[in-house]
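Note that the numbering used here has the sequence shown beginning at 2, numbered continuously upward. Idealized CB from N, CA, C, for every residue including glycine. Notes for the one structure printed next.
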Amino acid sequence: MRLRALLDTDALGLKLLGGEEELDRTVRGVMTTDLRDPSRYLSGGELVLTGLAWRHDAEDSEPFVRILVQQGVTALAAGEAELGDVPDDLVTACARHRLPLFAVHESVAFATITEHVVRQVSGERAGDLAAVVDRHRRMMTSGPAGGGPDVVLDLLGSDLDLRAWVLAPTGRLIAGSKAAGPALPAETCGRLAAEHLTATRTGRRAPHRVLLGGTTYSLFPIRSTGRSPQTARDARETLLSDWLLAVEADAGDWAEERLDLLHGVTQLIAVERDRRDAARTVRRRLAQEVLELVQTGAAPAEIAARLRVAAPVLLPGLGSAPHWQVIVARVDWDGDEIESGPVAQALLEEILVDPLAAGPEHSDRIAVAHTGDEAIALVPLPAVAAEHDDSETGVLADVLLESVRDPLTAGLDGDGHLTLGVSAAVHSAEGLRGALEEARHARRVAAARPGRVCAAGHQELASHVLLLPFVPDDVRRAFTARLLDPLRDYDRRHRAELIPTLEAFLECDGSWTRCAGRLHLHVNTLRYRVGRIEQLTGRDLSRLEDKLDFFLALRMS
């Protein structure tokens, strides 16, 4: 803003004492000081406010004004509360150095002037930033990448003093501005992603404001330019694939101009997101070609030839052929037919990123295709990984979802399910078809489990639990009703806790002592309850067959 605008604002109580010809100077900030030498705190362009406590006699004015001018200060405003009228020696010194001088009426607080200047300057800088963002957008959309999301976030930090981060829907930190300082803790990222997914799924209008640990964050969705909620039939088709922009600020009282600016920033980041997706096109095509060959029963030699093409792309510099794992993912929404294959594909690519890997993203070594509502990942492993049974470097189902379970559960809560299945490693084209079927079977096992986000691995397929997903629903309902409904009815009428007792008894392998200890019951009380279970169901819990039936009924219920 210009000095002339300050003088024209009556509420600021400013009176010009000198420098009328300099009123077109620009103010870029404001600083209050009573130091004799404030140079270390000045960067140029400030309106300096002072109460004159630094002035002990007339000789002090000249060196003080000279320091201000050397630091590039735009103007000086002196308060009248301490000394009454501004001293003539200060007026003379400012005139000598052509530094505009204002008197501040004693009824006006410096804080009032500071707030006004900061508000006006921020608004004008926002306009300047908008122009920069627009230029950056044109550069990115018409030519080579402009440096990624970090460049845009640095603009927010340097021009608007906003700390900002780009997060994946899983909570993974994708980018942060230099001004944002240290990276956000993983727990904070996960909670912000969860809040964003919950707000988006429930239809709340963005930006979403979240208070975490005493800090307010405003969350802005980053919509893909190729597929947005406006072109999708249902918002859930993009819910789990869109990034988000987290800004450390409360956007609730922002002007429309600033909100529009942040919307433009998200569009700019979306362009970079689309560039990254385009870079994955080759890997996706490789996975699609291999998948089609496997599913159509192509000759192993043909599949092996395609794998030889894929290996150098996914694992550059690898001397020998890798082993492979197959991962199958599916997103299902209750009661609705929603196209979820592309979302499952993008989500699986994100889940398979190793946040601790240096250099290129781990997902750059993974090819993910989708067919129907399934996403299928082809994961190459160096031969040493398979030789160690994947215990160190292979993909393990039980740890795959650890860091992303909470945010994704929030996004799916109410009507969605994400299930994944992981195969064992195979070392040849002949084994790839079996690996695909193994991953699909594991995913069905995961789908039979409670919870919104579940995974199962090949290690679990030797268990009887493998049979459960293939039992018809009507058979499952009849089986569980025949065994468990009498117990549920009895519990409802008598609050006897027979179902929890049965679960604990089976988990303790029929040990009376351990089960009684777990339930904090006397053994005789436990024997009474088990006897009541046997009486109500006509079964004998000392028989292995009846124990197994009860176990399966509880797992299917």
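Check                                                                                                                           : Outcome
Residue range of the alpha helix (DSSP H) that includes residue 295                                                             : 282-296
Backbone secondary structure at residue 455 - three-state DSSP                                                                  : strand
Straight-line Cα distance separating residue 553 from residue 315                                                               : 42 Å
Best match in 51, 94, 171 for proximity to residue 241 [C-alpha to C-alpha]                                                     : 171
Counted within 10 angstroms of its Cβ, other Cβ atoms place residue 526 as buried (16 or more) or exposed                       : exposed
Cβ-based burial, residue 189 [other Cβ within 10 Å; buried from 16]                                                             : buried
Proximity below 7 Å, CB of residue 557 to CB of residue 477                                                                     : yes
Under the three-state DSSP convention, the category residue 553 falls into                                                      : helix
Distance between beta carbons of residue 192 and residue 354, contact taken as under 8 Å                                        : The Cβ separation is near 19 Å, so there is no contact.
Counted within 10 angstroms of its Cβ, other Cβ atoms place residue 496 as buried (16 or more) or exposed                       : exposed
Cβ-Cβ distance between residue 195 and residue 407 below 7 Å                                                                    : yes
Closest by C-alpha distance to residue 84, when choosing among 101, 287, 107                                                    : 107
Backbone secondary structure at residue 206 - three-state DSSP                                                                  : coil
Contact under 7 Å by Cβ, residue 329 with residue 290                                                                           : no
Residue 90 (DSSP reduced to helix, strand or coil)                                                                              : helix
Element boundaries [beta strand (DSSP E), containing residue 442]                                                               : Run containing residue 442: none in the beta strand (DSSP E); it sits in the alpha helix (DSSP H), 433-448.
Length-filtered (3 minimum) beta strand (DSSP E) runs lying within the segment 512-554                                          : none
Distance CB(residue 51)-CB(residue 35) smaller than 7 Å                                                                         : yes
Residue burial classification, residue 283 (beta-carbon count within 10 angstroms, cutoff 16)                                   : exposed
Cβ distance (whole Å) where residue 398 is taken to contact residue 448 below 8 Å                                               : Their Cβ separation, rounded to whole angstroms, is 13 Å, which puts residue 398 and residue 448 out of contact at 8 Å.
Proximity below 7 Å, CB of residue 342 to CB of residue 373                                                                     : yes
Beta-carbon proximity check, residue 100 vs residue 66, cutoff 7 Å                                                              : yes
Three or more C-beta pairs below 8 Å linking the segment 540-552 and the segment 497-512                                        : yes
Residue(s) in a DSSP beta bridge with residue 32                                                                                : 49
C-alpha gap between residue 209 and residue 345, whole angstroms                                                                : 25 Å
Stretch-stretch touch, CB-based, cutoff 8 Å, three pairs: the segment 148-165 with the segment 247-263                          : yes
Endpoints, the alpha helix (DSSP H) within which residue 326 is located                                                         : Element bounds for residue 326: not the alpha helix (DSSP H) but the beta strand (DSSP E), 324-334.
Between the CA atoms of residue 278 and residue 150 - distance to the nearest angstrom                                          : 14 Å
Residue 95 versus residue 19 - alpha carbon distance                                                                            : 7 Å
First through last residue of the alpha helix (DSSP H) which encompasses residue 347                                            : 342-352
Residue 401 beta carbon less than 7 Å from that of residue 369                                                                  : no
Cut-off 8 Å between Cβ atoms - residues of its own chain near residue 547, not counting five sequence neighbours on either side : 540, 541
Helix, strand or coil at residue 79 according to DSSP, with G and I counted as helix                                            : strand
Contact belief for residue 104 with residue 87 at Cβ below 8 Å, rounded distance in angstroms                                   : 5 Å
Assigned exposure category for residue 243 - 16 Cβ within 10 Å defines buried                                                   : buried
For residue 381, the first and last residue of its enclosing beta strand (DSSP E)                                               : 375-382
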